[in-house]
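Residue numbers (the numbering used here), protein chains in the order written: chain Z, 1 to 346; chain B, 1 to 511; chain V, 1 to 327.
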Amino acid sequence: MATKATAPVTALNAGVLPINARKDIEPVVLANDVLLGMYRTMTLIRRVEESLLELAESGKIGGAMHTAIGHEASAVGMAAALRKDDYLTCTYRGHHHSLARGMDVKRAICEVLGKAPGFAGGKGGSMHFVDPSLGLMGANGIVGAQVPQAAGMALASHIRGEDRVAITFFGEGAMFQGLMHETFNMAQKWRLPVIFYCENNRYSEMTPTTRTSSVGDIYTFVQAYGMHSIQIDGNDVEVVYAAVSEAARQARAGEGPTFIEGITYRLSGHMAGDLETYRSAEEVAKQREYEPLTRLRQRLLERGVAAAELAQIDAEINTEVEEAVEFAQNAPWPELATAYTDVYKI
Amino acid sequence: MATQIKLPDLGEGVLDVTISRWRVPIGTAVKSGDVILEVATDKVDSEVAATVDGTLLQINAHEGEIVPVSAVLGFIGVAGEFLGATPPAPDAVAPTAAAPSPAAAPTATADESIVKASPVAKRVAADIGVALASLAGTGPGGQITKSDVLAAVAPTHPLTRAPLPGDLAGESPLVVRRAAAELNINLQEIAAGRPLSTLTKYDVLSAAASRAAGKPVKVAPAFPSVATVSAAPAAAAAPPAPPQAGPPGSPAAAPAAAPKAAPAIPGQFRPGEELVKHTRMRAAIAKNTSASAFTAPHVTTMWDVDMSAVLAHRAAHKKEFAAGGVNLTITAYLFEAIVAGLRKVPAANASWSEEGVILKRYYNIGMATALPMDANGLGGLIVPVIKNAGELNLMGLARAVNELADRARKNELRPDDLADGTFTLSNYGTSGSRFQTPVIVQPQVGILGVGAVEKRAVIVSNGHPLEPNLGDALVIKPMTTLGFSYDHRVLDGATADAFCAAVKGQLEGYQ
Amino acid sequence: MRKTTYIQAINEAMKEEMRRDERVYLMGEDIGFYGGLFRVTRNLLEEFGERRVIDTPISEQGFVGMAVGSAMAGLRPIIELMYMDFFLVCADQIFNQAAKMHYMTGGLLHVPMVLRGQHGGGKRYGSQHSQCVESTFAQFPGIKVVVPATPYDAKGLLISAIRDENPVLFLEHKMLYFTRGDVPEVEEAYTVPIGVADIKRPGKDLTLVTFSYCLLQALEAADELQAEQGIDIEVVDLRSIVPLDMETVLASVAKTGRLLAVHESQANCGIGAEIVARTYEEAPYLLKAPARRLGMAPVSIPVSKPLEEEILPWKKNIKAAVLEMMR
Chain Z
1 MATKATAPVT ALNAGVLPIN ARKDIEPVVL ANDVLLGMYR TMTLIRRVEE SLLELAESGK
61 IGGAMHTAIG HEASAVGMAA ALRKDDYLTC TYRGHHHSLA RGMDVKRAIC EVLGKAPGFA
121 GGKGGSMHFV DPSLGLMGAN GIVGAQVPQA AGMALASHIR GEDRVAITFF GEGAMFQGLM
181 HETFNMAQKW RLPVIFYCEN NRYSEMTPTT RTSSVGDIYT FVQAYGMHSI QIDGNDVEVV
241 YAAVSEAARQ ARAGEGPTFI EGITYRLSGH MAGDLETYRS AEEVAKQREY EPLTRLRQRL
301 LERGVAAAEL AQIDAEINTE VEEAVEFAQN APWPELATAY TDVYKI
Chain B
1 MATQIKLPDL GEGVLDVTIS RWRVPIGTAV KSGDVILEVA TDKVDSEVAA TVDGTLLQIN
61 AHEGEIVPVS AVLGFIGVAG EFLGATPPAP DAVAPTAAAP SPAAAPTATA DESIVKASPV
121 AKRVAADIGV ALASLAGTGP GGQITKSDVL AAVAPTHPLT RAPLPGDLAG ESPLVVRRAA
181 AELNINLQEI AAGRPLSTLT KYDVLSAAAS RAAGKPVKVA PAFPSVATVS AAPAAAAAPP
241 APPQAGPPGS PAAAPAAAPK AAPAIPGQFR PGEELVKHTR MRAAIAKNTS ASAFTAPHVT
301 TMWDVDMSAV LAHRAAHKKE FAAGGVNLTI TAYLFEAIVA GLRKVPAANA SWSEEGVILK
361 RYYNIGMATA LPMDANGLGG LIVPVIKNAG ELNLMGLARA VNELADRARK NELRPDDLAD
421 GTFTLSNYGT SGSRFQTPVI VQPQVGILGV GAVEKRAVIV SNGHPLEPNL GDALVIKPMT
481 TLGFSYDHRV LDGATADAFC AAVKGQLEGY Q
Chain V
1 MRKTTYIQAI NEAMKEEMRR DERVYLMGED IGFYGGLFRV TRNLLEEFGE RRVIDTPISE
61 QGFVGMAVGS AMAGLRPIIE LMYMDFFLVC ADQIFNQAAK MHYMTGGLLH VPMVLRGQHG
121 GGKRYGSQHS QCVESTFAQF PGIKVVVPAT PYDAKGLLIS AIRDENPVLF LEHKMLYFTR
181 GDVPEVEEAY TVPIGVADIK RPGKDLTLVT FSYCLLQALE AADELQAEQG IDIEVVDLRS
241 IVPLDMETVL ASVAKTGRLL AVHESQANCG IGAEIVARTY EEAPYLLKAP ARRLGMAPVS
301 IPVSKPLEEE ILPWKKNIKA AVLEMMR
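Shown next, in the form of structure tokens:
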């Protein structure tokens with residue numbers, strides 16, 4: 001069927017590991033208990049994503065499902081740096097942002113499966129994760145659409161005179177949608193309290209970004225608008241935490257938006273069922289050495305946390321996720337009448 | 001498996017009926033033979049009985065609706081079957097009884113006796129709580145009819161529909177799903193156990209209105225259901241001739257020749273003009289007489305008859321008949337004479353068809369009977385039929401005439417009384433006419449009109465029939481004039497006159 | 001009552017709502033400093049300030065997307081599109097985002113946003129600046145579409161639209177802007193409900209259902225047909241396309257037995273076809289003659305005056321269509 005393409009010779013960053021990213025921000029050293037909490041959350045995200053892939057492979061999930069294995073640090077670092085009432089929008093690869101901010105795992109898996117206890121009653125699915133009580137204002141199926149929306153939320157905060165910020169996540173592929181630039185211009189001009197976080201995982205869907213981008217380093221784009229922008233190692237949770245904290249501080253102080261390019265790598269395929277013919281197994285294996293969960297585990301061990309404690313967390317998370325998956329599999333389908341409800345708010 | 005409720009045979013030419021009144025509500029246990037429903041046709045009211053024991057599960061045809069004779073009117077079966085968990089609650093189904101109407105029906109007042117209304121109308125009005133005094137009648141003489149009463153209540157509209165069968169029972173129609181999406185209504189919640197295929201748009205609108213008002217609100221359609229659309233357009237749209245009438249290629253394509261029901265651009269009424277809407281009967285008479293006139297080429301032959309023999313015979317036997325409980329009328333003699341005429345000229349007791357003349361060996365003679373005229377000069381006409389008149393003697397005929405006239409007066413004629421006529425008598429002499437050219441009742445080929453019996457001066461001749469002679473005398477005799485209209489496709493002048501001669505001979509020959 | 005223009009009525013509606021509800025704000029091109037290309041938003045910047053009357057760059061996708069986000073976050077934006085034709089530029093944010101947000105999130109988020117702008121032909125602006133596209137809008141569930149034809153309806157419906165919890169497209173016809181009509185005094189607050197049609201001219205021979213500028217053309221046509229042919233037309237002003245008030249339409253058809261739906265958007269797959277289809281779906285027995293619709297023929301709109309007049313389904317075309325039906 002599909003033949004393996006040769007890995008493109010000119011693929012930027014294919015061989016560039018996250019630690020070669022610019023160090024525009026000094027990482028913060030967090031206390032062990034905080035880091036352990038982050039480890040727990042990142043492990044949870046990892047296990048949930050892996051379970052969802054299994055469910056997809058067994059045909060229980062239809063449509064397009066995009067997992068974020070390898071992206072965990074950007075979500076968990078961000079969640080610790082922001083408040084519950086700060087707004088967040090993200091892409092269809094957005095499970096990790098929602099789970100990092102505390103979304104209920106059972107309800108999340110139910111939603112992906114289209115079951116009734118899902119937070120959207122099974123009507124939104126994987127690409128439309130949302131929970132306004134946690135500031136989760138929507139993952140989006142259209143590339144880039146969530147970005148001006150987040151700027152609009154920042155505008156609302158600004159008009160109301162609040163200090164809430166909005167953060168929006170997008171891939172580097174989204175940078176080439178026109179509406180991104182419209183948004184950058186307006187956000188900078190009006191000094192909106194919005195944080196633009198680009199999770200650069202080097203691939204725009206199935207094509208290495210270098211094949212279609214006239215620009216190498218993504219963070220340079222917004223300098224044309226005079227916006228403050230940085231590039232960081234997006235796989236280091238303490239770096240992410242530091243970067244987002246600083247950006248939030250600036251935004252709340254009325255200093256306007258920040259653009260953060262977080263270099264990372266997508267270990268799973270673009271979506272469930274992706275045969276990944278566009279990159280070599282060697283490349284993926286090499287990148288695994290720099291993936292965030294492994295690095296955090298190493299860091300914790302270096303800082304004196306017992307391996308047994310980590311193993312304990314692993315075991316608890318495994319159980320929690322298994323139970324959640326079973327709950328979701330046994331959960332009921334939505335009532336047919338709900339197909340016709342919620343078109344309008346009446 | 002539930003049993004369908006359908007109409008009994010109501011006779012030829014009956015294409016649809018109006019549902020007058022369900023005698024029992026849904027959920028009632030009925031026995032085979034119980035009358036459960038009253039219907040009305042162009043001519044008579046009729047009753048429908050249950051054909052099996054069981055529970056009335058479902059009403060498909062609601063009061064006031066006009067349905068074809070083949071329609072399924074409802075279902076009788078075992079309580080709980082067929083419709084799933086529970087049969088619908090009674091008040092969800094009764095369209096007129098429970099629903100609050102936009103124009104609230106006034107409650108019945110005590111003194112209704114002075115209001116002119118047909119007996120059926122009075123009963124229906126009392127049942128559903130409509131004050132007759134508040135209604136305008138469209139029947140003869142401004143009489144309030146059953147349909148006037150029903151039209152005054154909230155327009156009926158099917159508030160439940162029969163569910164789709166099997167696993168399609170949950171498939172609601174597009175108009176319902178659309179309304180649910182527009183108004184954010186959960187169909188399962190408002191169906192309350194009923195299959196979703198029984199929901200209507202008004203269930204959804206009512207639920208949304210109730211939600212907005214914080215209390216139950218019922219939304220009815222802003223336009224009439226099919227039941228309250230006047231019968232006239234429906235009649236005009238129906239095929240103009242009953243199936244057995246003229247051949248498809250009959251002259252001037254009768255359907256096209258039938259006058260257009262309304263001009264292309266409807267005119268307004270000028271001052272001094274008033275529209276009186278058609279009753280079912282008037283529309284039917286218009287339809288039938290037009291069809292007959294444009295199908296059968298009518299010729300009328302005129303014969304004078306000396307009725308002195310009949311009158312003498314009657315005078316002699318009246319008491320004797322009365323003792324037998326029979327009022328001996330002239331009409332009975334006319335019937336006997338007609339049978340004699342038909343025996344002589346069998347082709348006068350027949351129907352035309354493409355292939356040939358269909359002769360009938362039985363004699364069902366109809367008696368055209370006028371109904372009272374109203375203030376506008378509009379009346380009615382009904383033709384009860386004496387069956388197998390050929391097997392009756394004068395006594396039998398007189399008795400049959402009495403019974404039919406009585407039933408007609410009391411508005412108790414059954415569909416059977418009106419069906420299957422082979423020949424008709426039009427005794428217009430009773431209203432004073434000397435001569436008319438009556439219209440044949442299709443699919444018959446002749447109708448005998450009989451004028452008033454009156455004293456006339458006639459010449460009786462003993463000598464030469466035409467040259468004046470000493471045997472001629474001018475005498476006063478009770479005479480009548482026959483007007484026999486016949487269908488020239490089947491009868492000709494000579495055969496028609498042979499019939500009349502036989503009739504005359506019979507009438508003049510009584511001893 | 002006093003006479004105002006259509007533009008003044010809209011301006012008043014926005015001003016009153018902005019005073020009443022601090023969540024309401026405006027965004028659009030040239031709306032603040034300039035007062036709007038058609039001056040619909042004049043003086044609002046002066047009264048409400050930069051925070052609530054925002055001049056945007058020419059970035060429809062961007063600022064409509066921001067409006068959607070701000071509405072999700074609790075504000076009530078009124079966005080002006082300079083020409084409704086430009087909806088194609090930001091269609092994703094309107095139809096893929098705003099329209100679907102409530103449904104996709106199972107009711108967790110909603111977008112109480114008004115998108116207003118002028119549409120329609122008659123001023124020789126050509127193909128890309130003269131379209132009526134309400135029929136297209138009607139195909140997307142989740143939005144409401146409102147098409148007032150008089151100053152009274154414009155003010156009342158805009159206030160209802162601003163207060164509605166759903167995204168509402170508010171379509172103003174450029175030929176209506178300087179028409180005048182009676183509007184209650186400022187002290188007499190009123191609204192016109194969305195989704196309710198209005199009989200603008202009672203009649204008995206034919207039901208003509210229409211909206212927006214075609215309403216004015218239809219009323220003229222009806223008067224002329226009455227005088228010339230004695231035909232008495234009942235003109236129903238839909239006022240809203242979504243939701244569509246079929247009950248009023250059918251009650252009218254019950255009286256007249258004839259139905260003609262007229263609109264300026266494309267006849268092909270248009271709202272008129274939908275009205276005819278629903279009539280046959282819900283009450284075909286009311287019709288004495290086949291129901292018909294009249295809309296624009298499938299051409300783009302030319303600039304040249306006689307050509308533009310030729311294609312627009314206005315008075316002459318309406319009269320011809322009615323006479324065809326009454327034959």
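Quick reminder that beta carbons are idealized off the backbone N, C-alpha and C, glycines included.
{"Check": "Short Cβ contact (9 Å threshold) for B:R161 with B:S134", "Outcome": "no"}
{"Check": "Completely contained alpha helix (DSSP H) runs for the stretch 131-207 of chain V, where each covers 4 or more residues", "Outcome": "134-137 and 151-163"}
{"Check": "Other residues of its chain near V:Q61: CB distance less than 8 Å, five sequence neighbours each side excluded", "Outcome": "V89, C90, D92 and Q93"}
{"Check": "Residue interval of the beta strand (DSSP E) (run including Z:G262)", "Outcome": "T258 to I263"}
{"Check": "Per-residue DSSP class, three states only, for Z:L250", "Outcome": "For the record, residue 250 of chain Z in the displayed sequence is Gln; it is not Leu. Z:Q250: helix per DSSP, three-state reduction."}
{"Check": "Members of the stretch 113-144 of chain V that neighbour chain Z once the beta carbon cut-off is set at 7 Å", "Outcome": "P141 and G142"}
{"Check": "Listed by chain order, chain Z residues near B:N186 by CB distance under 9 Å", "Outcome": "E335, A337, T338, Y340 and T341"}
{"Check": "Pair within 9 Å by beta-carbon distance, Z:I260 and Z:I195", "Outcome": "yes"}
{"Check": "Rounded separation between B:L164 and V:D232 - CA only", "Outcome": "43 Å"}
{"Check": "Simplified DSSP assignment, three categories, for V:S300", "Outcome": "coil"}
{"Check": "Partner residues on chain Z for B:A121, Cβ-Cβ distance less than 9 Å", "Outcome": "Here the premise fails: no neighbours, minimum Cβ distance about 43 Å."}
{"Check": "Z:E283, enclosing alpha helix (DSSP H) - first and last residue", "Outcome": "A281 to R288"}
{"Check": "With 16 other Cβ atoms within 10 Å as the buried cut-off, status of B:L275", "Outcome": "exposed"}
{"Check": "Contacts of V:E281 in chain B (Cβ-Cβ under 8 Å)", "Outcome": "L174 and V175"}
{"Check": "Residues of its chain near B:S433, where Cβ-Cβ distance is below 7 Å and the 5 sequence neighbours each way are ignored", "Outcome": "G451 and A452"}
{"Check": "Per DSSP, cross-strand counterpart(s) of Z:Y203", "Outcome": "Z:P208"}
{"Check": "CB-CB length for B:V115 against B:I144, believed under 8 Å", "Outcome": "7 Å"}
{"Check": "Pair within 9 Å by beta-carbon distance, V:A154 and V:E172", "Outcome": "yes"}
{"Check": "Contact under 9 Å by Cβ, B:P346 with B:L359", "Outcome": "yes"}
{"Check": "C-alpha distance - V:I31 paired with V:L44, whole-angstrom precision", "Outcome": "9 Å"}
{"Check": "Which residues DSSP lists as bridging V:R292, in chain order", "Outcome": "V:L260"}
{"Check": "For Z:R191, the nearest candidate out of Z:Y290, Z:G256, Z:Y241 and Z:R249 (CA to CA)", "Outcome": "Z:G256"}
{"Check": "Beta-carbon proximity of V:I275 to V:L259, cut-off 9 Å", "Outcome": "yes"}
{"Check": "Distance CB(V:A149)-CB(V:L225) smaller than 9 Å", "Outcome": "no"}
{"Check": "Near-chain V residues of the stretch 223-239 of chain Z (beta-carbon distance less than 9 Å), N- to C-terminal order", "Outcome": "none"}
{"Check": "C-beta contact flag for B:A49 and B:G33 at 9 Å", "Outcome": "yes"}
{"Check": "Short CB-CB distance (under 9 Å) between Z:Q149 and chain V", "Outcome": "yes"}
{"Check": "Whole-angstrom distance between B:S210 and B:P102, CA atom to CA atom", "Outcome": "Note that B:P102 scores 36 on pLDDT, short of 50, meaning its location in the model is unreliable; the coordinates nonetheless yield the value given after this. Using only the alpha carbons, I get a separation of about 16 Å."}
{"Check": "Sequence-distant residues of the same chain with beta carbon closer than 6 Å to B:A245, five excluded per side", "Outcome": "The pLDDT assigned to B:A245 is 39, lower than 50, so where the model puts this residue is not dependable; a value taken from the coordinates is nonetheless given after this. T295, Q442 and P443."}
{"Check": "The stretch 122-133 of chain Z touching the stretch 169-178 of chain Z, judged by at least three CB pairs closer than 8 Å", "Outcome": "no"}
{"Check": "C-beta contact flag for Z:A120 and V:L108 at 9 Å", "Outcome": "yes"}
{"Check": "Simplified DSSP state of Z:K345, which is helix, strand or coil", "Outcome": "coil"}
{"Check": "DSSP-derived helix/strand/coil call for B:Q244", "Outcome": "Residue placement at B:Q244 is poorly supported in this model, since its pLDDT is 41, which falls under 50; the coordinates still yield a value, given next. Coil, per DSSP."}
{"Check": "Residue ranges of each alpha helix (DSSP H) within the stretch 206-232 of chain V, 4 or longer", "Outcome": "213-229"}
{"Check": "Interface partners of B:P224 on chain V, CB under 7 Å", "Outcome": "A254"}
{"Check": "DSSP-derived helix/strand/coil call for Z:M227", "Outcome": "coil"}
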